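Trainee: Just passing along the structure, written as structure tokens.
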Amino acid sequence: MVTEMRKTGIDVVGDMPWGTHICLLYETKEDLLDTLISYFKTGLESGEFCLWVVAEPLTIEEATDALKDAVPDLDRYLADFSMEIVSGSNWYLKGGTFDLRGVTGGWHEKLARASARGYAGVRVTGDTSWLEKKHWKDFCEYEESLNEAVANQRLAVLCTYPLVTCGALEILDVVRTHQFALARRHGSWDVIETAGLKQAKAEIKRLNDELEQRVVERTSQLTLASEALRDAQADLARVTRMTTMGELVTSIAHEVNQPLMAIVTNADTCLSWLASDTPQLDEVQKAAERIVADGHRAGDIIKTIRALARKSSPEMTQLDMNDAIAEVLDLTRGELRRHDVSLETELSGGLETVMADRIQMQQVILNLVMNSIEAMSAIMDRPRVLRVISRIDGPDSVLIVVTDTGTGLDPGKVDRIFDAFFTTKLEGLGMGLSICRSIIEAHGGRLWASPNRPYGSIFQFTMPVMTKGIASDRLG
Amino acid sequence: MTVSDDEARPTVVVIDDDENVRVALQGLLRSVGLRAELFASVPEFLDSNRTDLPGCLILDVRLPERSGLDFHDDLVKAKVHLPVIFISGHADVPMSVRAMKAGAVEFLTKPVRHQDLLDAIQRAIKNDRARRDEEQIVAQLRSRLETLTPREREVMALVAAGRLNKQIAAEIGLSEATVKLHRGQVMRKFRIQSLAELVRTADKLELSRPESRVFSTKV
Numbered sequence: 117m118v119t120e121m122r123k124t125g126i127d128v129v130g131d132m133p134w135g136t137h138i139c140l141l142y143e144t145k146e147d148l149l150d151t152l153i154s155y156f157k158t159g160l161e162s163g164e165f166c167l168w169v170v171a172e173p174l175t176i177e178e179a180t181d182a183l184k185d186a187v188p189d190l191d192r193y194l195a196d197f198s199m200e201i202v203s204g205s206n207w208y209l210k211g212g213t214f215d216l217r218g219v220t221g222g223w224h225e226k227l228a229r230a231s232a233r234g235y236a237g238v239r240v241t242g243d244t245s246w247l248e249k250k251h252w253k254d255f256c257e258y259e260e261s262l263n264e265a266v267a268n269q270r271l272a273v274l275c276t277y278p279l280v281t282c283g284a285l286e287i288l289d290v291v292r293t294h295q296f297a298l299a300r301r302h303g304s305w306d307v308i309e310t311a312g313l314k315q316a317k318a319e320i321k322r323l324n325d326e327l328e329q330r331v332v333e334r335t336s337q338l339t340l341a342s343e344a345l346r347d348a349q350a351d352l353a354r355v356t357r358m359t360t361m362g363e364l365v366t367s368i369a370h371e372v373n374q375p376l377m378a379i380v381t382n383a384d385t386c387l388s389w390l391a392s393d394t395p396q397l398d399e400v401q402k403a404a405e406r407i408v409a410d411g412h413r414a415g416d417i418i419k420t421i422r423a424l425a426r427k428s429s430p431e432m433t434q435l436d437m438n439d440a441i442a443e444v445l446d447l448t449r450g451e452l453r454r455h456d457v458s459l460e461t462e463l464s465g466g467l468e469t470v471m472a473d474r475i476q477m478q479q480v481i482l483n484l485v486m487n488s489i490e491a492m493s494a495i496m497d498r499p500r501v502l503r504v505i506s507r508i509d510g511p512d513s514v515l516i517v518v519t520d521t522g523t524g525l526d527p528g529k530v531d532r533i534f535d536a537f538f539t540t541k542l543e544g545l546g547m548g549l550s551i552c553r554s555i556i557e558a559h560g561g562r563l564w565a566s567p568n569r570p571y572g573s574i575f576q577f578t579m580p581v582m583t584k585g586i587a588s589d590r591l592g
Numbered sequence: 027m028t029v030s031d032d033e034a035r036p037t038v039v040v041i042d043d044d045e046n047v048r049v050a051l052q053g054l055l056r057s058v059g060l061r062a063e064l065f066a067s068v069p070e071f072l073d074s075n076r077t078d079l080p081g082c083l084i085l086d087v088r089l090p091e092r093s094g095l096d097f098h099d100d101l102v103k104a105k106v107h108l109p110v111i112f113i114s115g116h117a118d119v120p121m122s123v124r125a126m127k128a129g130a131v132e133f134l135t136k137p138v139r140h141q142d143l144l145d146a147i148q149r150a151i152k153n154d155r156a157r158r159d160e161e162q163i164v165a166q167l168r169s170r171l172e173t174l175t176p177r178e179r180e181v182m183a184l185v186a187a188g189r190l191n192k193q194i195a196a197e198i199g200l201s202e203a204t205v206k207l208h209r210g211q212v213m214r215k216f217r218i219q220s221l222a223e224l225v226r227t228a229d230k231l232e233l234s235r236p237e238s239r240v241f242s243t244k245v
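From first to last, the protein sequence lines are chains A and B.
Following the numbering used here, the numbering of the first sequence begins with 117 at its first residue and continues without gaps.
Following the numbering used here, the numbering of the second sequence begins with 27 at its first residue and continues without gaps.
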């Protein structure tokens, strides 16, 4: 609370904390009045008790008049003792001698009384034009002790020294004994830095540098952490992808076995014809051609699987979404058949390419398709239909829609299905949809779910088309 | 080759939803002189008018849920009696047990060894031919059975059940001579000579003689 800032009313100083002890070296009476009137006006308006110790050549009357011009309510302040204007020789030289303890005690007494009466604190100024050479040393001692005396008190002291009577040595003393010094000469300001102020400024600079250093360190820590997070997300994406593929493994094995079956059978056909008494070479050739086609078919399936299982950082390429969808549907053909699901596709021609990582896109599509198949596996009283649609969605976006006729979304849970670790499956990780959403959002798209009519659910996502730049570094 | 020849030649019906596999099998069968007809699904086959072709059926069992085994039940319900050879991408023991119990000729795993397949096909076709021959015989006997009078049927059933003429006469209240007459008529109408033949014929027709005096023929 002692560090509470107060307005000084002096432009060059700005705000000060309680416990401030500064000095003003002034050239003319006008310089002094200008400064102090603003100083007290601000103090009175801030609910402080104000004490002005006036000294020659300024009189109490002059001070009062000058202040009254700035503070119309001054009479009231004076009447209720919010403001006191006293003479310097009375204040400092009680009984004709300078008493260090007495003066300091006086400040504290005023402070105690002001606090008791509910003032915010005490704002004082004292002029030293009464000061004679013989008192100088004692006074310096007093000024020095005052720094400690005002510290942690709701007290602000502004000491004023006329430049005309101060020699260089005196000025040095004054500057040394205050927290800092102001000089006002014919209306212009100088701020003289004391060792303390310099030290404070150096301390501030050091703290700033240290802070800056810590910001740099924290930033690099955060960068590392976010890289680690990105790696973790990529690993997680891969794990969920592998989990999904694990669910597919029976179907995939079957998918590869089909062309293998065809290849072996066709090869047997070739051998059978070649061993026959009436070999028909056109039949042999046809069978051999079928072997080639089936070999490629098996290879394509394996290629897709290997790509999905690959551990590598995302790679942004121009991607035809219809191609990506077709490959995924090839992979899930067995799964669809196994669950007696019929597939309807509406893949719009003339889709613009999107900038995306092929594997991550296929992961999303695969996940949505597998979810749909699973949602329909318990349905017995109506056809199980999976629809996959692609279409242009405005000038700079494509829309991919996956619908099913399954059990649909629980309205109470629809908001949570994209949360991590939310799952309705017995053996689900609960990461699938959460990862899908982060993948799509990292690509600048949007993924959401809604109920299908009259039953089932709709999952759809948008992807921005190539013309727009997309930040690839956000991909996990 | 005449149409009737063509119809009489055994045909292998291939039901597999993978076109490449279907076509490959057709090629292989053609190389050994077998005719194949291809269908993508059991319903497609059932909807065709080809369900009564002589030959056999190669059925892809597919994956567990709505499997070829269930489709096989559909075939049985549709009274398709073609011998079935199952082929499967991933056969397991329970599945093959179920298939064999359901009357499968063979259960083969993809990719299929062609000799195994051809052997199974030969066996299946043989079974089918035997079944058809048998069915033809039974049909002929049944038409002969139709020419019997109720009395003659009654006598035939009792003879087949091992009764003597005298016993039969007592049981149905006729003279022994009349029973002999009926019995002679049965032998003549079925064109058989011996008692043994009569018993076998009654078995094939599944004639039985219940305790009551009501005679029934299971058809």
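Backbone N, C-alpha and C fix where the C-beta goes; we use that ideal spot for every residue, glycine too.
Only a predicted model underlies this, so the values are computations on that prediction, with no experimental measurement involved.
Measuring straight from C-alpha to C-alpha, what distance separates A/V280 and A/R330?
Mentor: Each residue's Cα considered, the two are about 50 Å apart.
Trainee: Find the nearest neighbour of A/T350 within the set A/H412, A/A267 and A/D473, judged by alpha-carbon distance.
Mentor: Just to set this straight, residue 350 of chain A is Ala in the shown sequence, not Thr. The candidate whose alpha carbon is nearest that of A/A350 is A/D473.
Trainee: What number of angstroms, rounded off, separates the C-alpha of A/N483 from the C-alpha of B/R158?
Mentor: Distance between the alpha carbons of A/N483 and B/R158: 52 Å.
Trainee: Using a C-beta cutoff of 7 Å, does B/H140 count as contacting chain A?
Mentor: So yes, B/H140 belongs to the interface.
Trainee: Could you tell me which residues DSSP puts in a beta bridge with A/H137?
Mentor: A/V273.
Trainee: Report buried or exposed for B/V39, applying the criterion of at least 16 other Cβ atoms within 10 angstroms of its Cβ.
Mentor: Buried.
Trainee: Quick check on this structure: which residue in B/R76, B/L51 and B/K127 has the alpha carbon closest to the alpha carbon of B/L60?
Mentor: It is B/L51.
Trainee: Using a beta-carbon distance below 7 Å, is B/A165 in contact with chain A?
Mentor: B/A165 does not count as touching chain A.
Trainee: Are three or more beta carbon pairs between the stretch 404 to 412 of chain A and the stretch 364 to 383 of chain A nearer than 8 Å?
Mentor: Yes, the stretch 404 to 412 of chain A is in contact with the stretch 364 to 383 of chain A.
Trainee: What span of residues does the beta strand (DSSP E) with A/S203 cover, start to end?
Mentor: Note, A/S203: beta strand (DSSP E), M199 to S203.
Trainee: Quick one: what's A/R122 bridged to in DSSP?
Mentor: In the DSSP output, where bridge partners are listed per residue, A/R122 has A/M132.
Trainee: Rounding to the nearest angstrom, what Cα-Cα distance links B/D229 and B/R168 in this structure?
Mentor: Using only the alpha carbons, I get a separation of about 12 Å.
Trainee: In three-state DSSP terms, what is A/K584?
Mentor: Note that A/K584 scores a pLDDT of 44, beneath 50, so its modelled location is shaky; the value from the coordinates is reported in the next line. A/K584 falls in the coil class under three-state DSSP.
Trainee: Anyone know if the C-beta pair for A/V169 and A/G242 falls short of 7 Å?
Mentor: Closer than 7 Å, so yes.
Trainee: Can you check the stretch 107 to 160 of chain B for any beta strand (DSSP E) of at least 3 residues that lies completely inside it and give the ranges in chain order?
Mentor: Those beta strand (DSSP E) runs which fall completely within the stretch 107 to 160 of chain B and span 3+ residues are 110 to 114 and 132 to 135.
Trainee: Which residues of the stretch 367 to 384 of chain A have a Cβ closer than 8 Å to any Cβ of chain B? Give them in chain order.
Mentor: Per Cβ criterion, the list reads S367, A369, H370, N373, Q374, P375, L376, M377, A378, I379, V380, T381, N382 and D384.
Trainee: Would you kindly work out how many angstroms separate the C-alpha atoms of B/M213 and B/L224, rounded to a whole number?
Mentor: About 7 Å.
Trainee: Please name the residues in the stretch 397 to 428 of chain A whose beta-carbon is closer than 8 Å to at least one beta-carbon of chain B, in chain order.
Mentor: For the stretch 397 to 428 of chain A, which is checked against every Cβ of chain B, the residues closer than 8 Å are E399, K402, A403, R406, A409, D410 and R413.
Trainee: In three-state DSSP terms, what is A/L465?
Mentor: Before going further, note that residue 465 of chain A is Gly rather than Leu in the sequence given. In this structure, A/G465 counts as coil in the three-state DSSP scheme.
Trainee: What in chain A is Cβ-close to B/P137, meaning under 8 Å?
Mentor: Within chain A, the residues near B/P137 are N373, L376, M377, I379, V380 and T381.
Trainee: May I have the straight-line CA-CA distance separating A/V504 from A/M492, to the nearest angstrom?
Mentor: Rounded to the nearest angstrom, the two C-alpha atoms are 15 Å apart.
Trainee: In three-state DSSP terms, what is A/D520?
Mentor: Coil, per DSSP.
Trainee: Look up A/A472 in the DSSP assignment and give the residues it is bridged to.
Mentor: Looking at the DSSP assignment, A/A472 forms a beta bridge with A/T433.
Trainee: Would B/G81 and B/T135 qualify as a contact pair, given that the criterion is a beta-carbon distance under 7 Å?
Mentor: Cβ atoms of B/G81 and B/T135: not closer than 7 Å.
Trainee: Any beta carbon of chain B sitting closer than 7 Å to that of A/W564?
Mentor: Judged by the 7 Å Cβ criterion, A/W564 is not in contact with chain B.
Trainee: Check this for me: beta carbons of A/T158 and A/K184, under 7 Å apart or not?
Mentor: Contact: no.
Trainee: Starting from B/F71, trace the alpha helix (DSSP H) both ways and give me its first and last residue.
Mentor: Here the alpha helix (DSSP H) through B/F71 covers V68 to D73.
Trainee: Closer than 7 Å, CB to CB, is B/V225 near chain A or not?
Mentor: So no, B/V225 is outside the interface.
Trainee: Taking beta-carbon pairs under 8 Å, can you tell me which members of the stretch 317 to 351 of chain A lie near chain B?
Mentor: For the stretch 317 to 351 of chain A, which is checked against every Cβ of chain B, not one residue is closer than 8 Å.
Trainee: Please tell me whether A/S388 has its Cβ less than 7 Å away from any Cβ of chain B.
Mentor: Closer than 7 Å to some Cβ of chain B, the Cβ of A/S388 qualifies, so yes.
Trainee: By the 8 Å beta-carbon criterion, what residues does the stretch 36 to 63 of chain B contribute toward chain A?
Mentor: Listed in sequence order: D43, D44, N46, V47, V49, A50, L51, G53, L54, R56, S57 and V58.
Trainee: Give me the residue from A/P278, A/W564, A/A414 and A/R334 with the minimum Cα distance to A/Q140.
Mentor: The sequence given here has Leu at residue 140 of chain A, not Gln. Of the listed residues, the one whose Cα sits closest to A/L140 is A/P278.
Trainee: Taking Cβ-Cβ distances shorter than 9 Å, what residues in chain A pair up with B/G210?
Mentor: None at all; the shortest Cβ gap to chain A is about 57 Å.
Trainee: Looking only at DSSP bridge pairs, what is A/I508 linked to?
Mentor: The partner list for A/I508 (beta bridge, DSSP) reads A/V514.
Trainee: With respect to the alpha helix (DSSP H) encompassing B/P176, which residues constitute its N-terminal and C-terminal limits?
Mentor: Note, B/P176: alpha helix (DSSP H), P176 to A186.
Trainee: Look at A/M471 and A/M582 and say whether their C-beta atoms are less than 7 Å apart.
Mentor: A contact, by the Cβ cut-off of 7 Å.
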